[in-house]
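A short write-up of the structure that comes next.
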Amino acid sequence: VWRRSSYGHAGPLGGDFPLVTKEGHNILDVIFTSPIMDL
């Protein structure tokens, strides 16, 4: 799970400018490295 940066590239915490919605929620990216068989 990575916290999405508002611009550019950043590490897992979103860098200096993480993307936050107007409601105050962080946007996260989830990357699956293997197939999910039971969806």
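Using our numbering, read the sequence shown as starting at 227 and increasing by one per residue.
By construction, the Cβ of each residue, glycine as well, lies at the ideal position given by its N, Cα and C atoms.
Quiz item: Applying the criterion that 16 or more other CB atoms from any shown protein chain within 10 Å of the CB defines a buried residue, is Gly240 buried or exposed?
Solution: Classification of Gly240: buried, given that the 10 Å Cβ count is 16 or more.
Quiz item: Quick one: what does DSSP say Ser260 is sitting in, helix, strand or coil?
Solution: coil
Practice problem: Indicate the three-state DSSP secondary structure (helix, strand or coil) for Pro238 in the structure shown. | Solution: coil
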